[in-house]
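Everything below concerns the one structure shown next.
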Amino acid sequence: SDEIKNSEMLYREKLRPQFHFSARRGWNNDPNGLVFYKGEYHLFFQHNPYGWNWGNMHWGHAVSPDLVHWKELSEALYPDRHGTMFSGSAVVDWNNTAGFQTGEEKVLVCIFTAAGNPFTQGIAYSNDRGRTWTKYENNPVLPHIIGANRDPKVIWYAPDKKWVMALYLDKSDYALFSSKDLKKWERMSDVAIPGTGECPEFFEIAVDGNKQNTRWVFYGGTGAFLVGKFDGKTFTPESGPHTLHHGNCWYASQTFTDIPAEDGRRILIPWGQMATPGMPFNQMMGVPVELTLRTTDEGPRL
Numbered sequence: 248s249d250e251i252k253n254s255e256m257l258y259r260e261k262l263r264p265q266f267h268f269s270a271r272r273g274w275n276n277d278p279n280g281l282v283f284y285k286g287e288y289h290l291f292f293q294h295n296p297y298g299w300n301w302g303n304m305h306w307g308h309a310v311s312p313d314l315v316h317w318k319e320l321s322e323a324l325y326p327d328r329h330g331t332m333f334s335g336s337a338v339v340d341w342n343n344t345a346g347f348q349t350g351e352e353k354v355l356v357c358i359f360t361a362a363g364n365p366f367t368q369g370i371a372y373s374n375d376r377g378r379t380w381t382k383y384e385n386n387p388v389l390p391h392i393i394g395a396n397r398d399p400k401v402i403w404y405a406p407d408k409k410w411v412m413a414l415y416l417d418k419s420d421y422a423l424f425s426s427k428d429l430k431k432w433e434r435m436s437d438v439a440i441p442g443t444g445e446c447p448e449f450f451e452i453a454v455d456g457n458k459q460n461t462r463w464v465f466y467g468g469t470g471a472f473l474v475g476k477f478d479g480k481t482f483t484p485e486s487g488p489h490t491l492h493h494g495n496c497w498y499a500s501q502t503f504t505d506i507p508a509e510d511g512r513r514i515l516i517p518w519g520q521m522a523t524p525g526m527p528f529n530q531m532m533g534v535p536v537e538l539t540l541r542t543t544d545e546g547p548r549l
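In my numbering, the protein residues as written are 248 to 549.
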């Protein structure tokens, strides 16, 4: 139609958010693969490029130099024989642990759920700063465990020189896995967060900005979080679950990996759950925020 050909209104539609990221077209939900590399913040997101409602899940992709101005790129991950592309995370493989590097650039690796029958976890990699993606030929890297196990959040655990994955299992149950190469994973320990499910986030954060005194935070889709300690194998909660937010437009948030140490911020983006009827897009991302862990009378809180 003429409306599609004439795209001068694109990103300027009546209900288009001007400060929150939203996809050019189609449905979006969870932010995925939040990672920083060489001056670019990468935002991947659950995306239905073909329709206004949820379905056909792909990973959409956008980049920003400043977390305010976003450039939407082409779809990063498409459904395949293992299933549609559900939520996950991304890392920079600084040490080429997976052996995917072919040139000067460090490799970006996405870790995702293939939502087939059954749900499994796979990886894809990019040698060109995230512009093109190749699925690992031997996916899945983590076979089905239970139920609709999903939403792998992967981080580098420097003390043991290994990758650690937090994965949602079922009900309010999660587990931690480890890998040396992103391809072979071993289950280390389990974590339960009463009252929430899916979309795990797991990270170390300084208490009151003191890097000599840190805690680990583990939370689920609603933001219900535990504060505790992690010895490289087991997460031991000290308190929680606590409430991270009190908003009506917030779910499945993720924080960026590979923010440079000299920056040091723990930056979070949630899914902004807000329908936009009559628009060519549906839903949005929340505005990025910085998380800190502060001492309170009740104990440390985000």
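We put the beta carbon where it would ideally sit given N, CA and C, even for glycine.
Small disclaimer: the values here were computed from a predicted structure and weren't measured.
With distance defined between alpha-carbon atoms, name the residue in the options nearest to residue i.
{"i": "alanine 422", "options": "Trp403, Asp407, Lys408 and Asn396", "result": "Asn396"}
{"i": "proline 406", "options": "Phe266, Glu451, Leu257 and Pro527", "result": "Glu451"}
{"i": "lysine 408", "options": "Thr543, Leu416 and Ser425", "result": "Ser425"}
{"i": "valine 388", "options": "Glu445, Trp432 and Ser321", "result": "Trp432"}
{"i": "arginine 541", "options": "Arg462, Lys261 and Glu509", "result": "Arg462"}
{"i": "methionine 531", "options": "Pro278, Glu351 and Thr481", "result": "Pro278"}
{"i": "isoleucine 440", "options": "Pro507, Pro535 and Thr483", "result": "Thr483"}
{"i": "lysine 285", "options": "Ile514, Asp544, Pro527 and Pro507", "result": "Pro507"}
{"i": "phenylalanine 449", "options": "Asp327, Val411 and Ser436", "result": "Val411"}
Please classify residue i as buried or exposed, where buried requires at least 16 neighbouring CB atoms within 10 angstroms.
{"i": "valine 315", "result": "exposed"}
{"i": "methionine 256", "result": "exposed"}
{"i": "histidine 493", "result": "exposed"}
{"i": "glutamine 265", "result": "exposed"}
{"i": "proline 517", "result": "buried"}
{"i": "tryptophan 341", "result": "exposed"}
{"i": "threonine 481", "result": "exposed"}
{"i": "asparagine 343", "result": "exposed"}
Using only the alpha-carbon positions, how far apart do residue i and residue j sit?
{"i": "valine 438", "j": "lysine 418", "result": "12 Å"}
{"i": "proline 296", "j": "glutamate 485", "result": "42 Å"}
{"i": "lysine 261", "j": "serine 500", "result": "26 Å"}
{"i": "leucine 281", "j": "glycine 307", "result": "12 Å"}
{"i": "arginine 271", "j": "alanine 522", "result": "15 Å"}
{"i": "lysine 476", "j": "proline 524", "result": "44 Å"}
{"i": "leucine 416", "j": "isoleucine 393", "result": "6 Å"}
{"i": "glycine 546", "j": "asparagine 385", "result": "45 Å"}
{"i": "arginine 376", "j": "valine 354", "result": "7 Å"}
{"i": "asparagine 495", "j": "glycine 302", "result": "23 Å"}
{"i": "glutamine 459", "j": "arginine 512", "result": "16 Å"}
Between which residues of its own chain and residue i is the CB-CB distance below 8 Å, once the five residues before and five after are set aside?
{"i": "phenylalanine 333", "result": "Gln293, Met304, Phe359, Thr360, Ala361, Ala362, Phe366, Arg397 and Asp398"}
Would the C-beta of residue i count as close to the ligand MG, meaning under 6 Å from any of its heavy atoms?
{"i": "cysteine 446", "result": "Among the components of this structure there are no ligands whatsoever, and the ligand MG is therefore not found."}
Tell me which same chain residues have a C-beta within less than 6 Å of the C-beta of residue i, skipping the five on either side of it?
{"i": "valine 310", "result": "Glu287, His289 and Lys318"}
Suppose the cutoff is 7 Å on Cβ atoms and the five residues either side in sequence are ignored; what does the same chain contact list for residue i look like?
{"i": "leucine 549", "result": "Val464, Phe472, Leu491, Leu538 and Leu540"}
{"i": "glycine 442", "result": "Ser419, Ala471 and Pro488"}
query = Where in the segment 465-497 do unbroken runs of the beta strand (DSSP E), each at least 3 residues long, occur, reported from the N-terminal end onward?
reply = 472-477 and 482-489
query = For the segment 321-378, which segments carrying the beta strand (DSSP E) assignment without a break, of at least 3 residues, lie completely within its bounds, in sequence order?
reply = 331-340, 354-362 and 366-373
key: beta strand (DSSP E) runs wholly inside the segment 400-455, at least 3 long, in chain order   = 409-417, 420-426, 433-439 and 448-454
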